[in-house]
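K.L.:
Heads up: the sequence lines are chains A and B, in that order.
Using the working numbering, the first residue of the first sequence is number -19, and each one after it goes up by one.
Using the working numbering, the first residue of the second sequence is number -19, and each one after it goes up by one.
Number of protein chains: 2
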Amino acid sequence: MNALLIVAHGSRRVESNDEIKALTGKVAASAGDQFDLVDCAYLELAEPLIPAGIEALAAKGATSILVVPYFLARGTHVASDIPEEVEKGKVACPDVDISITNYFGASPSVPELLVDLAVASR
Amino acid sequence: MNALLIVAHGSRRVESNDEIKALTGKVAASAGDQFDLVDCAYLELAEPLIPAGIEALAAKGATSILVVPYFLARGTHVASDIPEEVEKGKVACPDVDISITNYFGASPSVPELLVDLAVASR
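1) For Val90 (chain B), decide whether its Cβ has a neighbour in chain A, counting only Cβ atoms nearer than 8 Å.
2) Sort B:Ala98, B:Val90, B:Ile78 and B:Leu97 by Cα distance to Arg102 (chain A) and report the nearest one.
3) Report, in whole angstroms, the separation of the C-beta atoms of Thr81 (chain A) and Leu52 (chain A), which I expect to be a contact under 8 Å.
4) Quick one: Cα of Gly85 (chain B) to Cα of Gly33 (chain A), how far?
5) According to the neighbour-count rule (16 or more other Cβ atoms, all chains shown, within 10 Å of its Cβ), is Ser(-4) (chain A) buried or exposed?
6) Which residues, taken in chain order from the segment 35 to 63 of chain B, show a beta carbon closer than 7 Å to some beta carbon of chain A?
7) Answer with yes or no whether the minimum CB distance from Glu65 (chain A) to chain B is below 8 Å.
8) Are there 16 or more other CB atoms within 10 angstroms of the CB of Thr56 (chain A), so buried, or fewer, so exposed?
9) Quick one: list the residues of chain A neighbouring Lys118 (chain B), beta-carbon separation under 7 Å, in chain order.
10) How is the alpha helix (DSSP H) around Ala2 (chain B) delimited, first residue to last?
11) What number of angstroms, rounded off, separates the C-alpha of Ala21 (chain B) from the C-alpha of Val95 (chain B)?
12) Sorted by chain position, which residues of the same chain lie with C-beta nearer than 6 Å to Asn(-18) (chain B)'s C-beta, five sequence neighbours on each side aside?
13) Please go through the same chain and pick out, in chain order, the residues whose beta-carbon is closer than 6 Å to the beta-carbon of Val7 (chain A), but skip the five residues on each side of it.
14) Quick one: measure Cβ to Cβ for Pro91 (chain A) and Leu3 (chain B), integer angstroms, because I've assumed they're closer than 8 Å.
15) Suppose you measure from the CA of Gly69 (chain B) to the CA of Val76 (chain B); what does that come to, to the nearest Å?
16) What whole-angstrom Cβ distance do Leu114 (chain A) and Gly(-10) (chain A) have, given they're in contact under 8 Å?
17) Where Glu65 (chain A) and Ile30 (chain A) are concerned, what is the direct C-alpha to C-alpha distance, given to the nearest angstrom?
18) So, does the CB of Glu(-1) (chain A) fall closer than 8 Å to a CB anywhere in chain B?
19) DSSP on Ser89 (chain B), reduced to helix/strand/coil?
In C-alpha cells, the structure reads:
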C-alpha cells in the first residue's frame, strides 16, 4: 500500500495544527486512488511527530511512504531536521520503502498559484 | 498601475530571502500583463520590510497594490502582524488602493499541488 505523509512544522496554536489535519483530508480526497493512505505528522510542537506518523502508517499496512515537507523554504528544517526524523522512522520500520519529496515551496506551480490567488481576490 | 507585493516571513538565512526574490521573478513572468509591477517584502529579519515595499511600489507609480501573504497557516503573522504593517504603508501612501489577499496556504489548489508534488517524485 502506498502512503503519503504530509509533514508540517507544528504549532503551539491548536488551530494551526487543525488546519493541517483539514488539509490532509483534502489531499486524501484529491489523491483519489493514487495513494491508499494519506496522513500528517509534525516536525515539532504537535503530535504525531514524524517517526510516530511513519510507524502509524506502517501499522496500517503501508509498504511505501512518501514524506512531503509542507514548508515554503529550503531552511534547516527541510535540509536536516526532517531527514533526521525520517531516518528514525526508517530504523523503526526497516521493511517500508520511505522517501522524502521536494518541499512544497519548490513546486513549479507555486508562482502560478500566487498569481491566481491575487487575481481571484481583486 | 496594478502592483502585487509578495510578503514572506523573512529569515536570517540569506538563501531563504534570495529564494523569495527568485520566486518573485517567476511570479512576475507568470503574471504576464495582469500586474504591472511585482515585488516582494518581508515581515521581519530582511529588507525591504512591508511599509518600505509598499512605498517603493508607490514611488514606481503603483495606484493599486495587492499584498499576498506567502504563509502556510493563519497564525498571528497573517491575522495581525501583516495587517498592522500594511496599515503603516497605507498611512504613508494614502492615495494608493492597498488590500491584502487571502494567505497562500488557503489557496484551494494547495491539496492538488501536494498530490502532484508527491506523484512527480515517485
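Each residue gets a CB set at the ideal place from its N, CA and C atoms; glycine is no exception.
P.N.:
Concretely, from the data shown:
1) yes
2) B:Ile78
3) Not confirmed; about 15 Å, so no contact.
4) 22 Å
5) buried
6) Leu46, Val48, Tyr50, Leu52, Ala53, Arg54 and Gly55
7) no
8) exposed
9) The shown model of chain B, from -19 to 102, leaves out residue 118 (chain B), and the question about it has no answer.
10) Val(-6) to Ala11
11) 29 Å
12) Phe15, Asp16 and Ser44
13) Val18
14) 6 Å
15) 9 Å
16) For chain A, the structure presents residues -19 to 102; residue 114 (chain A) sits outside this window and is missing.
17) 6 Å
18) yes
19) coil
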